[in-house]
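From first to last, the protein sequence lines are chains A and B.
Heads up: the first sequence begins at 1 in the UniProt record's numbering, then just goes up one per residue.
Heads up: the second sequence begins at 1 in the UniProt record's numbering, then just goes up one per residue.
We put the CB at the ideal spot given by N, CA and C, even for glycine.
Here's the structure we're looking at; comments come further down.
2 protein chains.
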Amino acid sequence: MNGEGRDVGPGARESRPPSGTPLARRAGVALYEEVKADLTRRLVAGESPPGVKLPSEASLAQGYGTNRLTVRRALADLARGGVVRTEHGVGTFVREPSVRHRIDDGQGSLSESMAERGLSVVHQVIEVTEEPSATGPPEFPRWPGATVRLRHRRSLEDTPWSLSEAVLPAALAPRDWDGTESPFTRLTRDTGIAVRRARRSFSADAATADDARWLDIQTGTPLLIVTGVNTDAEGNDLAHIQHHTRADRTEYVVNLLV
Amino acid sequence: MNGEGRDVGPGARESRPPSGTPLARRAGVALYEEVKADLTRRLVAGESPPGVKLPSEASLAQGYGTNRLTVRRALADLARGGVVRTEHGVGTFVREPSVRHRIDDGQGSLSESMAERGLSVVHQVIEVTEEPSATGPPEFPRWPGATVRLRHRRSLEDTPWSLSEAVLPAALAPRDWDGTESPFTRLTRDTGIAVRRARRSFSADAATADDARWLDIQTGTPLLIVTGVNTDAEGNDLAHIQHHTRADRTEYVVNLLV
DNA sequence: TAGTGGTCTAGACCACTCA
DNA sequence: GAGTGGTCTAGACCACTAG
């Protein structure tokens with residue numbers, strides 16, 4: 001509680017980790033909730049800047065005079081809430097400030113609008129599967145034939161940001177995609193077809209184990225799910241897209257009034 | 001796997017609960033993930049229609065030949081994912097079909113568009129606080145003076161659906177609001193001012209303990225967070241709104257092309 | 001190899017619901 | 001009071017990371 005600044009030594013990232021205190025237990029409130037509240041108080045209160053390593057679970061448990069599992073439960077909740085981040089075999093850290101990347105609605109692609117702000121976007125292809133036209137649920141009247149399912153990961157500033165999927169006619173799928181631009185920017189460059197973002201649908205869901213692995217988050221963490229359709233200038237469906245986006249880094253802004 | 005129908009007896013809700021099987025463990029996959037996968041297989045595969053009560057945690061644990069805590073961990077994940085629902089002292093149940101209420105973008109209020117589909121919407125006032133104009137962050141140029149913060153819960157078909165907050169000039173806040181219509185529908189009826197939905201921002205977050213209590217869900221469950229501004233016909237800000245919406249029941253559809 | 005988080009067990013007690 | 005989910009403990013072992 002002394003008013004000294006956070007004068008951390010060179011390279012030091014350990015400044016003032018929360019240590020144990022006797023918890024004031026209230027009737028009807030679970031112990032792990034108390035631990036969670038106490039940790040939140042200490043972390044959010046700013047005593048521990050982002051990146052600070054928390055004491056080990058064992059020592060936290062000892063400090064609180066409780067079981068390690070109780071501490072783990074509190075930490076798991078905080079991780080799902082985006083307050084801390086755990087690394088297996090390394091430790092638990094205060095999360096970087098959840099800078100929410102505002103994605104203002106516009107007809108430009110994400111990569112383009114981010115580039116305008118000096119942010120780097122990288123796409124990494126995860127899986128490309130080609131399916132005969134019969135199987136895919138979406139229909140592409142003007143481009144009959146096989147469809148391609150393109151799974152890729154988008155990263156912003158080297159941080160995993162979304163797990164995305166695009167289903168589009170094989171004839172339009174980019175070849176030798178290097179990921180420096182969006183697949184649709186590439187499509188326009190290759191074919192001259194203008195891509196327009198049409199319907200968008202928003203929901204949320206818990207991260208699956210697969211989501212978690214690719215997005216470097218914990219299973220169960222809330223994701224913003226954006227699905228939609230891209231069309232050409234005439235309004236014909238070009239592609240069906242789905243993004244599983246890290247909610248702690250995303251805010252999708254739409255202007256309903258034009 | 002037999003093809004019989006789900007001829008449940010009168011009042012019976014117990015048809016074919018998943019019982020224990022020896023789990024095929026795979027290297028590197030946690031036991032609770034296997035349990036989760038097995039339960040999901042059985043439930044989603046349709047062997048157990050919504051509302052069916054699962055066996056108790058103790059008997060599931062015995063059936064799987066594992067510890068109760070392992071089963072609990074699997075069930076907690078499924079609950080966060082909206083697959084099952086637990087009731088303290090009663091049991092665990094397969095969730096009602098996650099009918100995603102599509103909220104097509106339109107200028108009508110939620111209550112109105114839902115009423116058109118024969119769905120009932122009920123608003124329940126949780127808290128009304130009046131604040132002097134100086135404190136509230138939003139500014140309402142045309143209506144100076146105190147602002148009112150209106151917290152309410154919206155339920156669809158008797159199911160909690162969103163925890164909502166509206167901040168608007170005290171002069172416009174509805175008096176004696178009975179909750180049968182949206183506060184803004186009421187505002188239009190009272191004052192004749194047309195309310196337009198302007199900017200909307202979408203994100204997701206984990207349910208806090210408070211969210212969880214009001215929405216009848218589990219802490220940590222993903223919520224769709226919709227914030228925005230309502231304006232009058234001239235585009236002046238009328239109110240700032242925020243909805244914490246149950247993601248398992250929501251899909252917010254926006255048409256970007258007009 | 002030491003330290004960390006990840007998983008799992010066995011058992012206990014409590015809080016809640018309902019017959 | 002029986003049965004259910006909710007919490008908590010003590011202790012064990014594993015998987016991963018880094019010096």
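Please list, in chain order, the chain A residues whose beta carbon lies closer than 7 Å to that of residue i.
i: residue 28/B; result: In chain order: nothing, as chain A lies at least about 12 Å away.
i: residue 81/B; result: 206
i: residue 247/B; result: 203, 204 and 205
i: residue 156/B; result: Under the 7 Å cutoff, chain A gives no residues; its nearest Cβ is about 15 Å from residue 156/B.
Under 7 Å Cβ to Cβ from residue i, same chain only, skipping five residues before and after it: list those, please.
i: residue 58/A; result: 68
i: residue 146/B; result: 130, 131, 132, 133 and 170
i: residue 200/B; result: 226 and 228
i: residue 163/A; result: 153, 211, 214, 215 and 244
i: residue 112/A; result: 185
i: residue 209/B; result: 219
i: residue 173/B; result: 148 and 150
i: residue 230/B; result: 184, 195, 196, 197, 198, 238, 239 and 241
i: residue 135/A; result: Here residue 135/A scores only 49 on pLDDT, less than 50, and its place in the model should not be relied on; the value that follows carries that caveat. Excluding residues within five positions, none has a Cβ falling inside 7 Å.
Whose Cβ in chain B lies nearer than 8 Å to the Cβ of residue i?
i: residue 252/A; result: 201, 202 and 203
i: residue 216/A; result: By Cβ distance, chain B contributes nothing, its closest Cβ being about 17 Å from residue 216/A, past 8 Å.
i: residue 73/A; result: Result: empty, since nearest Cβ-Cβ is about 10 Å, beyond 8 Å.
i: residue 100/A; result: 203
i: residue 223/A; result: 204 and 222
Could you list which residues in chain A have their beta carbon closer than 9 Å to that of residue i, in chain order?
i: residue 234/B; result: Within 9 Å Cβ-Cβ: nothing; residue 234/B doesn't reach chain A, min ~11 Å.
i: residue 255/B; result: 198, 199 and 200
i: residue 190/B; result: Here the premise fails: no neighbours, minimum Cβ distance about 23 Å.
In the DSSP output, which residue or residues are listed as bridge partners for residue i?
i: residue 151/B; result: 127/B and 165/B
i: residue 236/A; result: BP columns for residue 236/A are empty, so no partner.
i: residue 185/A; result: BP columns for residue 185/A are empty, so no partner.
i: residue 227/B; result: 201/B and 242/B
i: residue 101/B; result: 250/B
i: residue 196/A; result: 231/A
i: residue 91/B; result: 87/B
i: residue 121/A; result: 156/A
i: residue 206/B; result: 222/B
i: residue 53/B; result: 93/B
i: residue 255/A; result: 199/B
Among the residues of its own chain, which have a CB less than 6 Å from the CB of residue i, if the five just before and after it don't count?
i: residue 125/B; result: 152
i: residue 56/A; result: none
i: residue 5/B; result: The predicted model places residue 5/B with a pLDDT of 28, which falls under 50 and marks its position as unreliable, so this point remains unresolved.
i: residue 251/B; result: 100 and 102
i: residue 32/B; result: 70, 73 and 74
i: residue 128/B; result: 150
i: residue 123/B; result: 152, 154 and 179
i: residue 104/A; result: 253
i: residue 117/A; result: none
i: residue 242/B; result: 165 and 227
i: residue 114/A; result: 121
By Cβ distance below 8 Å, which residues in the same chain neighbour residue i in space, the five residues on each side in sequence not counted?
i: residue 204/A; result: 222, 223, 224, 225 and 247
i: residue 80/A; result: 218, 220, 221 and 222
i: residue 206/A; result: 219, 220, 221, 222 and 223
i: residue 51/A; result: 13, 93, 94 and 96
i: residue 110/B; result: 103, 121, 154 and 182
Using a cut-off of 7 Å between C-beta atoms, extract the partners of residue i located in chain B.
i: residue 238/A; result: Those do not exist, as residue 238/A stays about 13 Å from chain B at its closest Cβ, beyond 7 Å.
i: residue 68/A; result: The premise fails here: residue 68/A is roughly 14 Å from chain B at the closest Cβ pair, so nothing lies under 7 Å.
Could you list which residues in chain B have their beta carbon closer than 9 Å to that of residue i, in chain order?
i: residue 77/A; result: 206, 219 and 220
So is the beta-carbon of residue i under 8 Å away from any non-hydrogen atom of the ligand SAH?
i: residue 51/A; result: With respect to the ligand SAH, the structure shown offers nothing to examine, as it has no ligands at all.
State the CB to CB distance for the pair residue i and residue j, rounded to an integer number of angstroms; the pair is presumed to be in contact (CB under 8 Å).
i: residue 149/A; j: residue 165/A; result: 7 Å
i: residue 193/B; j: residue 232/B; result: 5 Å
i: residue 120/A; j: residue 157/A; result: 6 Å
i: residue 167/B; j: residue 239/B; result: 6 Å
i: residue 83/B; j: residue 92/B; result: With a Cβ gap of about 10 Å, residue 83/B and residue 92/B do not count as contacting.
i: residue 43/A; j: residue 34/A; result: Incorrect: roughly 15 Å between the Cβ atoms, too far for contact.
At 8 Å on the CB atoms, spell out the chain A contacts of residue i, in chain order.
i: residue 33/B; result: 209
Is there contact here, the segment 212-220 of chain B with the segment 189-200 of chain B, by at least three beta-carbon pairs under 8 Å?
-> The segment 212-220 of chain B vs the segment 189-200 of chain B: no contact.
Are there three or more Cβ pairs, one per stretch, closer than 8 Å when the segment 226-244 of chain A is compared with the segment 82-99 of chain A?
-> Not touching, per the Cβ criterion.
Meets three-Cβ-pair contact criterion under 8 Å: the segment 71-78 of chain A and the segment 31-50 of chain A = Segments in contact, yes.
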